[in-house]
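Asks:
Number of protein chains: 2
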Amino acid sequence: MPALTSEAIANQFQQLQQFIASKLTEIDGKGNFISDEWVRKEGGGGITMIMEGGAKIIKGGVAFSKVEGPITALMRDQMTMQGATFLATGVSVVMHSRHPMHPTMHMNVRYFETDLGECWFGGGIDLTPIYVDIDHAKAFHRALKETCDSFSSESYTKYKEWADDYFYLPHREETRGVGGIFFDHLKPHDVVERQRIMEFCLGLGRLFPSLYRDQTALSFDTPSEAELRWQALRWSRYVEYNLLFDRGTKFGIISNGRTESILLSMPPNAQWVYNYIPKEGTAEFQTMICLKKEKTWF
Amino acid sequence: MPALTSEAIANQFQQLQQFIASKLTEIDGKGNFISDEWVRKEGGGGITMIMEGGAKIIKGGVAFSKVEGPITALMRDQMTMQGATFLATGVSVVMHSRHPMHPTMHMNVRYFETDLGECWFGGGIDLTPIYVDIDHAKAFHRALKETCDSFSSESYTKYKEWADDYFYLPHREETRGVGGIFFDHLKPHDVVERQRIMEFCLGLGRLFPSLYRDQTALSFDTPSEAELRWQALRWSRYVEYNLLFDRGTKFGIISNGRTESILLSMPPNAQWVYNYIPKEGTAEFQTMICLKKEKTWF
């Protein structure tokens, strides 16, 4: 099928990584990304870019990888992959903000193919505020809807629901944040569609820095101890989600990816307090009310 | 088979919980356990006891549960359980210490049966120091060997190796701590053996408080910032282990257990720093050298 080869897809993803990192460096205004190149023993490798201790970004990573090689029994069982060999390439971004009034934000776009001739795209963006700001959540969803609409008329609704289901902690009965969009196994039927889906993925990636800029545009006073504690409690849920449920983390671990690149998504810190429930009427309580699947934003 | 019914096993486990909590309260000297009883919708329930903010124990839980009901598709697939219904009962203990020179310590004993007439015991104890003290690690293993020897001559060697394999983080190529013992699927062939294995499990449980007392007997100066940071970094590995690999956590989550009781094992806090490697010659570096499978203690 390719007019757009997997090589070209990987190259464009790598350029996307550079674009995102350079925009986020501007937006942060203080921190810099350091860059680590790594090689996977079984085939392929990647470039991991990380900023720690920025002005806005307390810990953030932009990771590119292109890995390939045999499909192992573990991948077959746990990821239901078929065939003898695979190629996977993608860009993952997670930004944890310093101030509790600024959110954690995540984006991923990826492409898979196997030697059976199957190929598919997947991706998603989602917003995890520490304190939900309804206007910010609406603006975030509106921007995603716009990008989705230019891809296809039904995609926002479909991918928004998919995100609600995917970015969900069943054991907590809460969503990871205010959601966003998620899609997987988008299989192009011809060269034109392949190009179109790739453009959609690149569009989402390019949107990320401006979304993060908008979500972190306001300045706030030095946070209180209570606000920082709430941030650490919410980050513990982020940890639970990524280690218990996230498919990318799971794929990375079982495919022998580079651990520090897979776990780039971990927050700088997290706290667990037994059975902590925010008091009714507090900002923390209001946030918990918003972390529901059924929620629509306009 | 029963002379010892599953009811009796559950009752003895519940008494074991009380024994452990009461001994640990004495050892801590300041903190108290609060107790939460819970009911599982599908059948059974448990009692969760937790201490937060003790003198030695910063966060520790002693959990008893007895759950029963249908074996779901998820349990069949992910836990390879067979049959239509199951009963599971056990005691789990995790103690996180306040001072970085005091360790995290874990113990679990459990009993399973299914309607196919199959039944088995499992359990384990392991020690996770923040800073490894070789003498303490030796004393810990010696005490476990003694208890194992009175059960059977080969059990310490076998269960020690099993613990090395089980309490292991493959993605970090490190053990969770200095190990201990682990065993699973011990199937009694007759009434006498059933009683003997149960006694072994109870013996391990009763040993826990004195092991914890010995590991936390020394007093230390107020810890430095660097030591507390190292504690949080090591605790992040504890989180990774429990959420990515621990069978009890996995079983709890997929069997719709009570989340706050399952995640009792989480440390009070954790930190992730990108690609942190302790400098050669430091106490932190020395600790990492000890976190290897092959290590024997006498």
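Those protein sequences? They're chains Z and E, same order as listed.
So for the first sequence, the working numbering puts the first residue at 4; every next one is plus one.
So for the second sequence, the working numbering puts the first residue at 4; every next one is plus one.
Backbone N, C-alpha and C fix where the C-beta goes; we use that ideal spot for every residue, glycine too.
These numbers were taken from a predicted model, which means no experiment stands behind them.
#1: Enumerate, from N- to C-terminal direction, the unbroken beta strand (DSSP E) stretches of 3 or more residues contained entirely within the segment 67-136 of chain E.
#2: Considering only the alpha carbon of each residue, which of E:57, E:69, E:133, E:28 lies closest to residue 241 (chain E)?
#3: With a cut-off of 8 Å, does the C-beta of residue 226 (chain Z) fall near any C-beta of chain E?
#4: Given the structure, does residue 12 (chain Z) come close to the ligand ATP, in the sense that its CB is under 7 Å from one of the ligand's heavy atoms?
#5: List, in chain order, every chain E residue whose beta-carbon is nearer than 7 Å to that of residue 175 (chain Z).
#6: In whole angstroms, give me the CA-to-CA distance for residue 267 (chain Z) and residue 104 (chain E).
#7: Which residue wins for smallest C-alpha separation from residue 253 (chain Z), given the options Z:80, Z:36, Z:61, Z:299?
#8: Checking contacts by CB at 8 Å: is residue 171 (chain Z) closer than that to chain E?
#9: How should residue 188 (chain E) be labelled, buried or exposed, when 16 other C-beta atoms within 10 angstroms of its C-beta is the threshold for buried?
#10: So is residue 33 (chain Z) buried or exposed if we call it buried at 16+ other beta carbons inside 10 Å?
#11: Let me know the secondary structure DSSP gives residue 361 (chain E) once reduced to three states.
#12: Run down chain Z in chain order and give the residues with a C-beta less than 8 Å from the C-beta of residue 235 (chain E).
#13: Run through the segment 166-252 of chain Z for me and flag every whole alpha helix (DSSP H) of 4 or more residues, listed as ranges in chain order.
#14: Expressed to the nearest angstrom, what Euclidean distance is found between the alpha-carbon atoms of residue 197 (chain Z) and residue 50 (chain Z)?
#15: With a 10 Å radius around its C-beta and 16 neighbouring C-beta atoms as the bar for buried, classify residue 160 (chain Z) as buried or exposed.
#16: Please confirm if residue 256 (chain E) has its CB atom under 8 Å from at least one CB of chain Z.
#17: Is the segment 177-196 of chain E touching the segment 115-127 of chain E in the sense that three or more CB pairs, one from each, lie closer than 8 Å?
#18: Hey, could you find the ends of the alpha helix (DSSP H) residue 14 (chain E) is sitting in?
#19: Could you tell me the distance, in whole angstroms, from the CA atom of residue 215 (chain E) to the CA atom of residue 108 (chain E)?
#20: On the DSSP letters alone, give me the boundaries of the beta strand (DSSP E) that residue 54 (chain Z) sits inside.
#21: Could one say the Cβ of residue 97 (chain E) lies closer than 8 Å to chain Z's Cβ atoms, at least one of them?
#22: Mind pulling the chain Z residues with CB within less than 8 Å of residue 242 (chain E)?
#23: For the beta strand (DSSP E) containing residue 273 (chain E), name the first residue and the last one.
#24: Residues in the same chain with beta-carbon distance under 7 Å from residue 24 (chain E), minus the five sequence neighbours each way, listed in chain order, please.
#25: Quick check: the segment 167-183 of chain E against the segment 277-286 of chain Z, are there 3 or more CB pairs under 8 Å?
#26: Answer yes or no: does any C-beta atom of chain Z fall closer than 8 Å to that of residue 291 (chain E)?
#27: Please identify the residue among Z:157, Z:75, Z:19 whose C-alpha is closest to the C-alpha of residue 96 (chain Z).
#28: Using only CA atoms, which one of Z:250, Z:199, Z:169, Z:256 lies nearest to residue 12 (chain Z)?
#29: Are there 16 or more other CB atoms within 10 angstroms of the CB of residue 246 (chain E), so buried, or fewer, so exposed?
#30: Helix, strand or coil: which one does DSSP assign to residue 63 (chain Z)?
#31: Could you run through the segment 74-87 of chain Z and flag, in chain order, every residue whose CB is less than 9 Å away from some CB of chain E?
#32: For residue 22 (chain E), which residues of its own chain have a beta-carbon under 7 Å away from its beta-carbon, when the five flanking residues on both sides are left out?
#33: Let's test the definition: count the other Cβ atoms within 10 Å of the Cβ of residue 279 (chain Z) and tell me whether it reaches 16, buried, or not, exposed.
#34: Is it the case that the segment 145-153 of chain Z contacts the segment 226-234 of chain Z, given that we only count it when at least three CB pairs across the two stretches are under 8 Å?
#35: Can you name the residues of chain E whose CB is closer than 8 Å to the CB of residue 277 (chain Z)?
#36: Figure out for me which residue from Z:136, Z:224, Z:173 has the closest Cα to the Cα of residue 300 (chain Z).
Replies: Once the coordinates are examined:
#1: Counting whole runs of 3 or more residues, the segment 67-136 of chain E contains the beta strand (DSSP E) stretches 88-100, 107-117, 122-131.
#2: Ranking E:57, E:69, E:133, E:28 by Cα distance to residue 241 (chain E) puts E:133 first.
#3: By this cut-off, residue 226 (chain Z) is not an interface position.
#4: With respect to the ligand ATP, the structure offers nothing, as it holds no ligand at all.
#5: Neighbours of residue 175 (chain Z) across chain E, judged by C-beta separation under 7 Å: 262.
#6: Each residue's alpha carbon lies about 28 Å from the other.
#7: Among Z:80, Z:36, Z:61, Z:299, the Cα nearest to that of residue 253 (chain Z) belongs to Z:80.
#8: Judged by the 8 Å Cβ criterion, residue 171 (chain Z) is not in contact with chain E.
#9: That one is exposed.
#10: With fewer than 16 neighbouring CB atoms inside 10 Å of its own CB, residue 33 (chain Z) falls in the exposed class.
#11: Residue 361 (chain E) cannot be examined here, being either before or after the span of chain E that is shown, 4 to 301.
#12: For residue 235 (chain E), the C-beta contacts it makes with chain Z under 8 Å involve 272, in order along the chain.
#13: Within the segment 166-252 of chain Z, the alpha helix (DSSP H) runs of at least 4 residues that lie entirely inside it are, in chain order, 194-218, 228-247.
#14: Their backbone Cα atoms lie some 25 Å apart in a straight line.
#15: Classification of residue 160 (chain Z): exposed, given that the 10 Å Cβ count is below 16.
#16: Judged by the 8 Å Cβ criterion, residue 256 (chain E) is in contact with chain Z.
#17: Yes: the two stretches touch, three or more of their Cβ pairs being nearer than 8 Å.
#18: In the DSSP annotation of this structure, the continuous segment of the alpha helix (DSSP H) that includes residue 14 (chain E) starts and ends at 9-31.
#19: Each residue's Cα considered, the two are about 7 Å apart.
#20: Residues 47-55.
#21: So no, residue 97 (chain E) is outside the interface.
#22: Residues of chain Z passing the Cβ test: 242, 246, 273.
#23: Run containing residue 273 (chain E): 272-274, per the beta strand (DSSP E) assignment.
#24: So the qualifying residues of the chain are 36, 52, 65.
#25: When C-beta atoms of the segment 167-183 of chain E are compared with those of the segment 277-286 of chain Z, fewer than three pairs fall below 8 Å, so the two segments do not count as touching.
#26: Taking 8 Å as the threshold, the shortest C-beta distance from residue 291 (chain E) to chain Z does not fall below it.
#27: Of Z:157, Z:75, Z:19, the residue nearest in Cα terms is Z:19.
#28: Looking at the Cα atoms, Z:199 is the closest of the given residues.
#29: By the neighbour-count criterion, in which a residue is buried when 16 or more other Cβ atoms sit within 10 angstroms of its Cβ, residue 246 (chain E) is buried.
#30: If DSSP states are grouped into helix, strand and coil, residue 63 (chain Z) belongs with the strands.
#31: Cβ contacts with chain E: none found.
#32: So the qualifying residues of the chain are 209.
#33: Exposed, because fewer than 16 other Cβ atoms sit within 10 Å of the Cβ of residue 279 (chain Z).
#34: Contact between the segment 226-234 of chain Z and the segment 145-153 of chain Z is absent, with fewer than three C-beta pairs closer than 8 Å.
#35: Within chain E, the residues placing a beta-carbon under 8 Å from that of residue 277 (chain Z) are 53, 55, 62, 64, 263, 267, ordered along the chain.
#36: Of the listed residues, the one whose Cα sits closest to residue 300 (chain Z) is Z:136.
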